[in-house]
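Peer 1:
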Amino acid sequence: MKKLGVIGTGQMGAGIVQVFAQAGYDTVAVDLMPAMLEKGLKGIEKRLMGRVEKGKLAASEKDAILGRIKWSSKLDDLADCDLIEEAIPENLELKKKTFAELDKICKPETIFGSNTSGLSVTDMAVATKRGGKVMGIHFHNPAPVMQLCELVKTVMTDEATIEEVKAWGKSLGKTVVVAPDVGGFIVTRLFTPFLLGAIRMLEEGIATRDDIDISMKQAVNHPMGPLEVVDFIGLDTELSIAKSLYEETKEAKYAPPVLLEKMVVAGWLGRKVGKGFYDYK
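Residue numbering for the sequence shown follows this note's numbering, starting at 439 and increasing by one per position.
1) So, do the segment 677 to 689 and the segment 620 to 638 have three or more beta carbon pairs nearer to each other than 8 Å?
2) Go ahead and label Leu628 buried or exposed: buried means 16 or more other beta carbons lie within 10 angstroms of its beta carbon, across all protein chains shown.
3) So for Ser558, helix, strand or coil by DSSP?
4) Report yes if the C-beta distance between Arg506 and Ala459 is below 8 Å; otherwise report no.
5) Locate the beta strand (DSSP E) running through Met474, then write down its first and last residues.
6) Is it the case that the Cβ atoms of Gly451 and Ala565 are separated by a distance below 8 Å?
7) Which of the three DSSP states, helix, strand or coil, is assigned to Pro695?
8) State yes or no: is the C-beta of Lys508 within less than 8 Å of the C-beta of Ala467?
9) Can you name, in chain order, every residue of its own chain whose Cβ lies under 8 Å from the Cβ of Met662, other than the five neighbours on each side?
10) What is the DSSP secondary structure of Leu442, counted as helix, strand or coil?
11) Less than 8 Å between the C-beta atoms of Asp514 and Ile543, yes or no?
12) Hey, could you find the ends of the beta strand (DSSP E) Trp606 is sitting in?
13) Excluding the five sequence neighbours on either side, which residues of its own chain have a C-beta within less than 8 Å of the C-beta of Leu677, listed in chain order?
14) What residue ranges within the segment 519 to 582 form continuous alpha helix (DSSP H) runs of no fewer than 4 residues, ordered along the chain?
15) Can you name the start and end residues of the beta strand (DSSP E) that Pro618 belongs to?
16) Short check: CB of Ile522 to CB of Asn553, under 8 Å?
17) Starting from the C-beta of Gly672, find all residues in its chain whose C-beta is less than 7 Å away, skip the five residues before and the five after it, and write them out in chain order.
18) Ignoring anything shorter than 4 residues or poking outside the segment 651 to 695, list the alpha helix (DSSP H) runs there in chain order.
19) Based on DSSP bridge pairs, tell me the residues matched to Glu641.
20) State yes or no: is the C-beta of Leu610 within less than 8 Å of the C-beta of Ala636?
21) So, is Asp715 buried or exposed, given that buried needs 16 or more other C-beta atoms within 10 angstroms?
22) Give me the residue from Tyr463, Ile454, Thr465 with the minimum Cα distance to Arg399.
23) Do you know offhand how far Leu640's Cα is from Val583's?
24) In chain order, what residues of the same chain have a beta carbon less than 6 Å from the beta carbon of Lys500, not counting five sequence neighbours either side?
25) Could you pull out every residue in the same chain whose Cβ sits closer than 7 Å to the Cβ of Arg638, ignoring the five residues on either side in sequence?
26) Measuring CB to CB, does Leu586 end up less than 8 Å from Thr630?
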């Protein structure tokens, strides 16, 4: 692994770009929207400058990290990457289309990873002619801070690919676990019912927003309350995850609460738009 690519420079994608560049890899960051590229770059610069100001990073290293990143709006610029991580919105058809396009552009040995938190990686793999080199590579938000890298293997993934990506994941300074391609994998499958339960509790009037979040932070030492977490993830993303898990399992614990659906319709998607369960404006 020498050159890496990332597709999508939103909140997750830009964080992943930073992780790759900090680990010493030349990284190509691609987004079809110039505004997202600009926002992603500014976010990385801000986070790195914060570390410099705290004495955790030398200014020269900050410049070196930024120098390893190439920003582009063309998929063709990913052609010679050794591994490409997809971090676009949680839409299976969009992801399949993206991988099919990449399959035509990239060299045969390039590994494709998806940052999906719950969609079928197998479905993405069959959209390519390299099923053995496609797997889930799930980072957690915020990617530069969260330690876990959750690898998702399909029935098609080559063992050599799994071992190569495990070793590479550790080179990023991450703790690597391997999960099968079932809905939600490990983390999302366990955590989603907890988040949806908090929304239902609010919906049913059992407790207020603040009391729910304060209780979880002070009773079980969570750094963020569940409703804060949903705002951070994005309500639309959480809804997509819930729908996908419910469709696969038909278990009531994954059924999307009506409140979540209505807030998404209203455009209250969380931090990224300035309003969700909390008002950030």
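Cβ atoms here follow ideal geometry from the backbone N, Cα and C, with glycine treated the same way.
Peer 2: Taking the coordinates as given:
1) At 8 Å Cβ cutoff, the stretches touch.
2) Exposed: under 16 other Cβ atoms inside 10 Å.
3) Ser558 falls in the coil class under three-state DSSP.
4) Their beta carbons are under 8 Å apart, which means Arg506 touches Ala459 by this criterion.
5) It is not in any beta strand (DSSP E) - Met474 instead sits in the alpha helix (DSSP H) that spans 472 to 491.
6) In this structure, the beta-carbon distance from Gly451 to Ala565 does not fall below 8 Å.
7) Look at Pro695 here: in three-state DSSP terms it is coil, with no helix or strand label.
8) Their beta carbons are under 8 Å apart, which means Lys508 touches Ala467 by this criterion.
9) So the qualifying residues of the chain are Asp651, Lys655, Phe670.
10) The three-state secondary structure of Leu442, taken from DSSP, is strand.
11) A contact, by the Cβ cut-off of 8 Å.
12) Looking at the DSSP string, Trp606 is not in any beta strand (DSSP E); the run it does join, the alpha helix (DSSP H), is 597 to 609.
13) Excluding residues within five positions, the ones whose Cβ falls inside 8 Å are Pro694, Leu698, Glu699, Val702.
14) Those alpha helix (DSSP H) runs which fall completely within the segment 519 to 582 and span 4+ residues are 530 to 543, 559 to 563.
15) 613 to 618 is the extent of the beta strand (DSSP E) around Pro618.
16) Taking a C-beta distance under 8 Å as the contact criterion, Ile522 and Asn553 do not qualify as a contact pair.
17) Correct list, in chain order: Leu707, Gly708, Lys710.
18) Listed in chain order, the complete alpha helix (DSSP H) runs (minimum 4 residues) inside the segment 651 to 695 are 664 to 671, 673 to 687.
19) Partner(s): none; Glu641 has no beta bridge.
20) Contact: no.
21) Just to set this straight, residue 715 is Phe in the shown sequence, not Asp. Counting other Cβ atoms within 10 Å of its Cβ, Phe715 reaches 16 or more and is therefore classed as buried.
22) With the chain covering 439 to 719 only, the question about residue 399 has no answer from this structure.
23) The straight-line gap from Cα to Cα measures roughly 29 Å.
24) Correct list, in chain order: Leu486, Val490.
25) Correct list, in chain order: Pro695.
26) With contacts defined as CB atoms closer than 8 Å, Leu586 and Thr630 fail to qualify as a contacting pair.
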